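Sequential numbering of the sequence shown, starting at 16, is according to the working numbering.
No residue lacks a Cβ here, since even glycine has one placed at the ideal position from N, Cα and C.
Computed from a predicted model, the values in this text were never measured in an experiment.
For reference, the structure is listed below as structure tokens.
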Amino acid sequence: MQLIIDLFNNIAAFLIVLTIIVFVHEFGHYFIARLSGIKIEDFSIGFGKELFGWYDKNGTRWKVCCIPIGGYVKMFGDANYASNPDQDKLSSLNHQELKQSFYTQSLKVKSAVVAAGPIANFILAIVILSVFFWWYGAPYVSNQVSYIDPKSRAEEADIKVGDIITAIDGKTVKDFSEIERIVSISPEIELQLSINRMNQVIIKTVKPEKYMATDDYGHKIKVGRLGIGANIIEHAKYNMLQSINMAFKTTINISYITLKTLGQMIVGKRSIDELGGPIRIAKYSGESMKKGMKMLLWFVAILSINLGLINIMPIPIPIPMLDGGHLMHYLVEAILGKNASEIFQRYSTKIGLVIIIMIFILSTFNDLIQLKLFN
Numbered sequence: 016m017q018l019i020i021d022l023f024n025n026i027a028a029f030l031i032v033l034t035i036i037v038f039v040h041e042f043g044h045y046f047i048a049r050l051s052g053i054k055i056e057d058f059s060i061g062f063g064k065e066l067f068g069w070y071d072k073n074g075t076r077w078k079v080c081c082i083p084i085g086g087y088v089k090m091f092g093d094a095n096y097a098s099n100p101d102q103d104k105l106s107s108l109n110h111q112e113l114k115q116s117f118y119t120q121s122l123k124v125k126s127a128v129v130a131a132g133p134i135a136n137f138i139l140a141i142v143i144l145s146v147f148f149w150w151y152g153a154p155y156v157s158n159q160v161s162y163i164d165p166k167s168r169a170e171e172a173d174i175k176v177g178d179i180i181t182a183i184d185g186k187t188v189k190d191f192s193e194i195e196r197i198v199s200i201s202p203e204i205e206l207q208l209s210i211n212r213m214n215q216v217i218i219k220t221v222k223p224e225k226y227m228a229t230d231d232y233g234h235k236i237k238v239g240r241l242g243i244g245a246n247i248i249e250h251a252k253y254n255m256l257q258s259i260n261m262a263f264k265t266t267i268n269i270s271y272i273t274l275k276t277l278g279q280m281i282v283g284k285r286s287i288d289e290l291g292g293p294i295r296i297a298k299y300s301g302e303s304m305k306k307g308m309k310m311l312l313w314f315v316a317i318l319s320i321n322l323g324l325i326n327i328m329p330i331p332i333p334i335p336m337l338d339g340g341h342l343m344h345y346l347v348e349a350i351l352g353k354n355a356s357e358i359f360q361r362y363s364t365k366i367g368l369v370i371i372i373m374i375f376i377l378s379t380f381n382d383l384i385q386l387k388l389f390n
């Protein structure tokens, strides 16, 4: 019985989280399209048969459909939710009506409308993270030494557990990451450490030991090492401007890590077993809600960033079901000076659909293995 309750809670949490993120994504398309004078016929959350909806004063049908995974904005001139042009309808429109169609717009306008969805997801993440940092602050590792490696340069310099490193060569350090950064670029270079020991300031001179490390690209590099560690977690408080700045930096960092991880999977440096799908997302949605608002905000922000990245990714083989596929077609059109051939569009769509299905199957299979649902 508990398994059924947990399953229901996970699905409900997943749908709530997904609906918020999808709504913001589609509203990005809608907002820029309306600003550009494009008429919107449907704004749908979900696919399939309509459950309920209403018309606004501009004639747009806002609706919720029975398959609550995803959504779409159907613009004037679209044949369906996949944004394929309705050639018969377009040929029968007068000049004024054509100006309201998506397909008569310039490449710049069409690209802006398409890119607005993923951009809206990044904006949502920045807003959520700004609130997160303003309300909760951010954890960081204190600059207080928690342990010292035996026979290390730190031990030789008589650095002790409990020492607080306040400055290096006169430059103030606020947390352990700053200490690590300075030390790592100073192998066998003499450093002066200002240390607060039992409320007394002392100066220690130390040369970080040189050792070989591997960077993100697999290259061997020389870095410095003192042989100290810290594990005391503290929380920094930020005002709203600082929170927004932190949110921008965090969004960029998460995007970089996500793209780097995907790249490593493609070249075989990471296992594709790490690829997660809808089942795992549903599980994490439920767990985030159970752990409270703090964890839920963080999870929604990360998921929104990932949705934005997936949609805008410049995949070599265009996938018109995603925004990146549309943008790829517009790029081809801009380079060639004309629309891509119908054969190219048809086959790229088929190949793209196969890729999406394969990724979905693989990620779902990984979920089943990871969650031990085969046992």
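Within its own chain, the residues whose Cβ lies closer than 6 Å to the Cβ of V198, once the five positions on either side in sequence are excluded, are P223, G239, L241, listed in chain order. Boundaries cannot be given for M328, as no beta strand (DSSP E) includes it and DSSP labels it neither H nor E. In the structure shown, D178 adopts coil according to DSSP, grouped into three states. Fewer than three pairs of CB atoms, one per stretch, sit closer than 8 Å, so the stretch 21-39 makes no contact with the stretch 67-75.
Contact check for I174 against V160 passes: the beta carbons are separated by less than 8 Å. With a cutoff of 8 Å on beta-carbon distance, M304 and L312 are scored as not near each other. Apart from sequence neighbours up to five positions away, the residues of its chain that approach F117 with a beta-carbon distance below 6 Å are I53, M90, G92, ordered along the chain. Along the stretch 171-229, the alpha helix (DSSP H) occurs as fully enclosed runs of 4 or more residues at 191-199, listed in sequence order. Cβ contact annotation for D178 (same chain, cutoff 6 Å, sequence separation greater than five): V160, I210, R212, in chain order.
Just so you know, the alpha carbons of Y162 and T187 end up roughly 21 Å apart. In the structure shown, I248 falls within a strand segment according to DSSP collapsed to helix, strand and coil. At the C-beta level, S258 and F148 come within 8 Å of one another.
Excluding five sequence positions before and after A131, the CB atoms of its chain that fall closer than 7 Å to its own CB belong to G43, H44, F46, I47, given in chain order.
For K64, the number of other beta carbons within 10 angstroms of its own is below 16, and it is reported as exposed. Comparing alpha-carbon positions, the option among A140, N25, I55, G85 lying closest to K264 turns out to be A140. Only buried fits L322, as 16 or more other CB atoms lie within 10 angstroms of its CB.
For L241, the three-state secondary structure derived from DSSP is coil. Note that the C-beta distance between V221 and A172 is below 8 Å. Setting aside the 5 residues that flank it on each side, A135 is surrounded in the same chain by V39, H40, F42, G43, each with a C-beta closer than 7 Å to its C-beta; the list follows chain order.
In terms of Cα proximity to S167, the closest of V88, I180, L318, G244 is G244. Distances from the CA of N24 to each of I327, E302, G352, G185 were compared; the closest alpha carbon is that of E302. A direct Cα-Cα distance of roughly 33 Å separates Q279 from Y151. According to the DSSP secondary-structure assignment, S59 is paired through a beta bridge with K78, Y87.
By the C-beta density criterion, C80 is buried, having at least 16 other C-beta atoms within 10 angstroms. Residue L324 holds the alpha-carbon nearest to the alpha-carbon of I272 among E249, I247, L256, L324. V160: not part of any beta strand (DSSP E); DSSP gives it neither H nor E. Nearest to I26 by C-alpha distance, out of I82, T75, G74, is I82.
Annotation: Y253 is outside any alpha helix (DSSP H) and is labelled neither H nor E by DSSP.
When the beta-carbon positions are compared, V88 and F137 stay at least 8 Å from each other. In this structure, the beta-carbon distance from L206 to I180 does not fall below 8 Å.
Closest in C-alpha terms to H341, from the list L274, K219, V124, comes V124. The distance from the Cβ of P133 to that of N268 is about 18 Å, inconsistent with a contact at the 8 Å cut-off.
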